[in-house]
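Residues 1064 to 1458 in the numbering used here are what the sequence shown lists, from first letter to last.
Glycine is no exception: its CB is placed at the ideal position from the N, C-alpha and C atoms.
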Amino acid sequence: MDAFLGVKKLVSHSGISGKICDTETSIATPNKRPRRKPVVMTGNFRLIWLNENKDNFNNSLTQLQRVSNSINSFDDADECIDFLTYMTEDIVFMIVSETLYRDIMQVLQDIGQIKFVYIFSDNHTQLQNLNKEWSKIKGVYVDITSLCGDLLTASEMCHRNTLSINLIGESDRIVDEKLNTLECSFMYTQILKEILLTIDFTREHIDQFVKYYKERFPNGFISSHDAKMLETEYYHKSPIYWYTSSSLLYSTLNRALRLMDVGLIVKLGFFLRDLHQNIVKLHMEQFSEQSHLKPFTVYLGQGLSQTDFEQLKNATGYLLSFNNFLSTSCDREVSSIFAESNASDPNHIGVLFQISVDPSIAKMFYADIEDESQYQNEKEILFSMHSIFRVGQVK
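So, in structure tokens, the structure goes:
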């Protein structure tokens, strides 16, 4: 085992803890704010807009389409509630006009899939304390641009919080009620990855994936833009560049791995293989010399449910695995901000993972991606799929 992992409960909806790993935390200044990953509300993320005011509707809708490929708009509250009753998405973001929110807010508060509600209003002052009355209300907005920015931030947080984590005890037992499900999930994705790594993918496989995505989101601004870039530029840039810049690839790959969508994983096989091989190549270059084999520490900030956190608290000495590619940072302050972003979410606890890595024991692949990422100077270490860590201290 070449990596140990410590976990600190950093924030919950009730507040922020004062220490991380016995060291005082600090709030980042604006220039330390972590960059926003290229996340859009694809797959099981949906945006619903309830708005009876048709003024400037088309202009606002165009801007929202740059955030989400899955948008449903309603001007009738009853029709909107009927739609919400039968939807299958895991996470829904709601935009509600100020004239309708009072009639529907109690219903929205009780629907589990609705993550956040955003009030679109002409009068921010009179409605600014609504989030104290309703926990799901994220804020009140008078312009669509700032709303889109906060939607991107919230969607990134939700993507990070859906990381698939498996705990394995000393007796090789999974610490979860769904023992067989988690055990099989990890095994199947590992086998599938090994198979995909042996396939010689070609341009045809990229074209097939692009065709699939265009058919799924025929009117999506993001899908058409990213799809065109993939068709013309894929082989001109590194897979790590695409992972850090392409909303289509980043969001779709992580969703497929999280949901164990085998069909979609296979469609993305060309990218999964290329990204893994890119990480392996950089790892061999960066950690081949003896001088580069000193232990180092990276951090991961995200939100966990109360149930998952309680299980993790009792998992000291267990193994913890991630089914997906794992983005971490050498900058603790940056990762702390991601954890603190869960402070307003009553369903999640912000946690900071402190990962100690010993490069002299090579059992998994990771790399400093600064030179190949679209966002440089971020001190990001990217781990390949199925990285396994031993849980140290949890507090």
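Sequence-distant residues of the same chain with beta carbon closer than 6 Å to M1220, five excluded per side: Indexing the sequence shown from 1 puts residue 1220 at position 157. Only S1404 meet the Cβ criterion.
Quick check on DSSP: helix, strand or coil for S1301? In the sequence shown, the residue the question calls residue 1301 occupies position 238. Coil at S1301, not helix or strand.
Taking just the CA atoms, how far does L1363 sit from Q1456? Taking the sequence shown and counting its residues from 1, the one referred to as residue 1456 is at position 393. Taking the sequence shown and counting its residues from 1, the one referred to as residue 1363 is at position 300. In a straight line, the C-alpha of Q1456 is about 15 Å away from that of L1363.
CA nearest to the CA of Q1271, picked from L1293, L1260 and M1250: Residue numbering aside, residue 1271 sits at position 208 when the sequence shown is read from its first letter. Selected option, being the one with the closest Cα: L1293.
Assigned exposure category for E1435 - 16 Cβ within 10 Å defines buried: Counting from one through the sequence shown, the residue named residue 1435 turns up at place 372. Buried.
Does S1263 come out as helix, strand or coil in the three-state DSSP assignment? Taking the sequence shown and counting its residues from 1, one reaches residue 1263 at position 200. In the sequence under discussion, the amino acid at residue 1263 is Asp, which differs from the Ser named in the question. Residue state, collapsed to three classes: coil.
Could you check whether L1445 and F1388 sit closer than 9 Å to each other, using their CB atoms as the reference points? By 1-based counting over the sequence shown, the position of residue 1388 is 325. By 1-based counting over the sequence shown, the position of residue 1445 is 382. When the beta-carbon positions are compared, F1388 and L1445 come within less than 9 Å of each other.
If you reduce the DSSP assignment to three classes, tell me which class D1239 lands in. The residue labelled residue 1239 in the question sits at position 176 within the sequence shown. Summary for D1239: the model assigns pLDDT 46, below 50, so the residue's position carries little reliability, and this model does not support an answer.
DSSP three-state label for L1362, please. Residue mapping note: residue 1362 aligns to position 299 of the sequence shown, counting from 1. One detail in the question is off: residue 1362 reads as Tyr in this sequence, not Leu. DSSP places Y1362 in strand when its eight states are reduced to three.
Buried or exposed by the 16-neighbour rule on C-beta atoms within 10 Å, applied to Q1369: Start at 1 with the first residue of the sequence shown, and residue 1369 comes out as number 306. Classification of Q1369: exposed, given that the 10 Å Cβ count is below 16.
Can you give the Cα-Cα distance for I1207 and A1378, rounded to whole angstroms? If you number the sequence shown from 1, residue 1207 lands on position 144. If you number the sequence shown from 1, residue 1378 lands on position 315. Taking the Cα positions, I1207 is about 44 Å away from A1378.
Inter-residue Cα distance where the pair is T1148 and T1125: Here residue 1148 refers to the residue found at position 85 when the sequence shown is read from its first residue. Here residue 1125 refers to the residue found at position 62 when the sequence shown is read from its first residue. Cα to Cα, the separation comes out at about 26 Å.
Could you tell me the distance, in whole angstroms, from the CA atom of R1129 to the CA atom of L1215? Reading the sequence shown from its first residue, position 66 is the one you call residue 1129. Reading the sequence shown from its first residue, position 152 is the one you call residue 1215. When rounded, the distance between both Cα atoms is 10 Å.
Quick check: the Cα distance between Y1275 and S1399, rounded to an integer number of angstroms? The sequence position of residue 1275 within the sequence shown is 212, counting from 1. The sequence position of residue 1399 within the sequence shown is 336, counting from 1. Linking Y1275 to S1399 through their CA atoms gives a straight-line distance of about 37 Å.
Could you check if Q1365 is buried or exposed, using at least 16 other CB atoms within 10 Å of its CB as the buried criterion? Here residue 1365 is taken as the residue at index 302 of the sequence shown, counted from 1. Q1365 comes out buried.
Output the boundary residues of the beta strand (DSSP E) element that contains Y1204. By one-based count along the sequence shown, residue 1204 stands at place 141. From DSSP, the beta strand (DSSP E) with Y1204 extends over I1200 to Y1204.
Indicate the three-state DSSP secondary structure (helix, strand or coil) for F1428 in the structure shown. Translated into positions along the sequence shown, residue 1428 becomes position 365. Under the three-state reduction of DSSP, F1428 is assigned to coil, being neither helix nor strand.
Which two residues bound the contiguous beta strand (DSSP E) that contains V1414? Taking the first residue of the sequence shown as 1, we reach residue 1414 at position 351. Going by DSSP, V1414 is part of the beta strand (DSSP E) stretching over I1412 to V1420.
Just how far apart, CA to CA, sit G1202 and P1358? Your numbering for residue 1202 matches position 139 in the sequence shown. Your numbering for residue 1358 matches position 295 in the sequence shown. Answer to the nearest angstrom: the Cα atoms are 43 Å apart.
For the alpha helix (DSSP H) containing K1376, list its first residue and its last residue. Indexing the sequence shown from 1 puts residue 1376 at position 313. Note, K1376: alpha helix (DSSP H), Q1369 to K1376.
Contacting residues, own chain, Cβ-Cβ under 6 Å from L1345 (five flanking each side not counted): Taking the sequence shown and counting its residues from 1, the one referred to as residue 1345 is at position 282. Excluding sequence neighbours, L1345 sits near A1430.
Exposure label - K1199; buried when at least 16 CB within 10 Å: By one-based count along the sequence shown, residue 1199 stands at place 136. Buried, by the Cβ-count rule.
Taking 9 Å as the threshold (beta carbon to beta carbon), is T1261 in contact with chain B? The structure shown has no chain B; it contains just one protein chain.
Does the region 1321 to 1330 come close enough to the region 1408 to 1417 that 3 or more CB-CB pairs lie under 8 Å? Because the criterion of three Cβ pairs below 8 Å is not met, the region 1408 to 1417 and the region 1321 to 1330 do not touch.
Considering just the uninterrupted stretch of the beta strand (DSSP E) at T1391, what are its terminal residues? Start at 1 with the first residue of the sequence shown, and residue 1391 comes out as number 328. Counted as a single uninterrupted DSSP element, the beta strand (DSSP E) harbouring T1391 occupies residues L1389 to S1392.
Where the alpha helix (DSSP H) containing E1396 begins and where it ends: Position 333 of the sequence shown, counted from the first residue, corresponds to residue 1396. Counting along the chain, the unbroken alpha helix (DSSP H) around E1396 starts and ends at R1395 to E1403.
Could you check if S1075 is buried or exposed, using at least 16 other CB atoms within 10 Å of its CB as the buried criterion? Position 12 of the sequence shown, counting from 1, holds the residue named residue 1075. With a pLDDT of only 41 at S1075, under the threshold of 50, the placement of this residue in the model should not be trusted; the figure read from the coordinates follows. So S1075 ends up on the buried side.
Taking the C-alpha atoms as reference points, what is the distance between M1347 and I1177? Counted from its first residue, the sequence shown places residue 1347 at position 284. Counted from its first residue, the sequence shown places residue 1177 at position 114. Rounded to the nearest angstrom, the two C-alpha atoms are 44 Å apart.
Do you know whose CA, among F1146, D1185 and H1288, lies nearest S1160's CA? Indexing the sequence shown from 1 puts residue 1160 at position 97. Closest by alpha carbon: D1185.
What are the partner residues of W1112, as DSSP defines its beta bridges? Within the sequence shown, the letter at position 49 stands for residue 1112. As DSSP reads the structure, W1112 sits in a beta bridge with S1136 and I1158.
Please state whether DSSP places S1314 in a helix, a strand or coil. As a position in the sequence shown, residue 1314 is number 251, starting the count at 1. Reduced to three states, the DSSP call for S1314 is helix.
Taking the beta carbon of G1380 as the centre, do at least 16 other beta carbons fall within 10 Å, making it buried, or is it exposed? Your numbering for residue 1380 matches position 317 in the sequence shown. With a 10 Å radius around the Cβ and a threshold of 16 neighbouring Cβ atoms, G1380 comes out exposed.
Just checking my contact of F1264 with V1343 at CB under 8 Å: how many whole Å lie between their CB atoms? Here the question's residue 1264 lines up with position 201 in the sequence shown. Here the question's residue 1343 lines up with position 280 in the sequence shown. In this structure F1264 does not touch V1343 by the C-beta definition: roughly 16 Å separates them, more than the 8 Å allowed.
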